[in-house]
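Per this note's numbering, the sequence shown starts with residue 1, numbered consecutively.
Every residue, glycine too, gets a C-beta built ideally from N, C-alpha and C.
This one's a predicted model, so the numbers in the text were calculated from it and none came from an experiment.
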Amino acid sequence: MTKPRTRIQARNSKAILEAALDVFSQHGFRGATLDQIAEVAGLSKPNLLYYFPSKEAVHTALLSQLLRTWLDPLRAMNPDGEPVAEIMAYVRRKLELSRDFPRESRLFANEILQGAPRMRAAIEGDLKTLVDEKAAVLSAWMDQGKIARLPPVHLIFSIWALTQHYADFDVQVRAVLGPGHDPFTEAGDFLETLFAKLLSPYLS
1 MTKPRTRIQA
11 RNSKAILEAA
21 LDVFSQHGFR
31 GATLDQIAEV
41 AGLSKPNLLY
51 YFPSKEAVHT
61 ALLSQLLRTW
71 LDPLRAMNPD
81 GEPVAEIMAY
91 VRRKLELSRD
101 FPRESRLFAN
111 EILQGAPRMR
121 AAIEGDLKTL
131 VDEKAAVLSA
141 WMDQGKIARL
151 PPVHLIFSIW
161 ALTQHYADFD
171 VQVRAVLGPG
181 HDPFTEAGDF
191 LETLFAKLLS
201 PYLS
């Protein structure tokens, strides 16, 4: 039987994952080292290895934690809610995640660009299962004439693309917009208009 973690162990694990997020988001998996992570976490390398036996173990734990965070807004989409309101709430939550967790978004994007070697099972498992479930909800709303008929999975993809862009390409977005702009406020207004028109069953 596994003993529960002490408060110190929980604190150190959290510090390691927070440090790893900094290091991996800056240097990528290949460029990051355990020495860098330990230094940022304020721990010795042997102490870090007590919690995580390898760089891959740290990275995998971080990605698993991130995937849970990323999927929570989609899980919150209520089949019994008002369809457009539920979809717009999901768009807003995804945009808020991009605003509040830019390092996590870039880490996830980098993993996907590398072929998802440490996340493929989770993507083909938990993520796909949830997307299929919510695609069925979207299809039911379409069948009921509550939203426009669109390919449901591609609708979800478009929400990911149009929200995560503001985290993954933050430097480009801010450079093109120039000073005096709040990318996320402006994006929120734009996306609300875009999806309200896209989802209207009267325009399809």
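Starting from residue i and walking both ways along the alpha helix (DSSP H), at which residues does that stretch end?
i      : result
Asn78  : Element bounds for Asn78: n/a, residue is neither H nor E.
Ser44  : No alpha helix (DSSP H) holds Ser44; DSSP gives it neither H nor E.
Ala15  : 7-31
Asp256 : Because the chain is modelled from 1 through 204, residue 256 falls outside the range shown and cannot be assessed.
Leu150 : Element bounds for Leu150: n/a, residue is neither H nor E.
Leu107 : 102-113
Ala136 : 128-143
Here's the rule: buried if 16 or more other CB atoms are within 10 angstroms of the residue's CB, otherwise exposed. What is residue i?
i      : result
Gln36  : buried
Ser98  : buried
Ser54  : exposed
Arg106 : buried
Phe52  : buried
Asn288 : There is no way to answer for residue 288, as the model of the chain reaches only from 1 to 204.
Tyr202 : exposed
His27  : exposed
Ala205 : Missing from the structure shown is residue 205; the chain here goes from 1 to 204 and no further.
Lys14  : exposed
His59  : buried
Leu191 : buried
Thr163 : buried
Met1   : In this prediction, Met1 has a pLDDT of 45, which is less than 50 and means its spatial position is unreliable; nothing more can be read from the coordinates.
Ser25  : buried
Ala19  : buried
Glu133 : exposed
Are residue i and residue j close, meaning C-beta to C-beta below 7 Å?
i      : j      : result
Arg103 : Leu48  : no
Leu194 : Ala148 : no
Val168 : Ala109 : Reading off the sequence shown, one finds Asp at residue 168, where the question assumed Val. The answer is yes: Cβ separation under 7 Å.
Ile16  : Ala41  : yes
Tyr166 : Ala135 : no
Lys94  : Ile156 : no
Pro183 : Val171 : no
Val23  : Ala10  : no
Just to check my reading of the structure: residue i and residue j have Cβ atoms closer than 8 Å, yes? What is that Cβ distance to the nearest angstrom?
i     : j      : result
Arg75 : Leu130 : 7 Å
key: the segment 45-59 contacting the segment 71-88, beta-carbon criterion three pairs below 8 Å   = no
key: Inter-stretch contact (C-beta, 8 Å, three-pair minimum) for the segment 133-145 and the segment 113-122   = no
query = Any chance the segment 169-186 sits against the segment 119-134, with 3 or more Cβ pairs inside 8 Å?
reply = no
query = Touch check for the segment 59-68 and the segment 78-90: three-plus C-beta pairs under 8 Å?
reply = no
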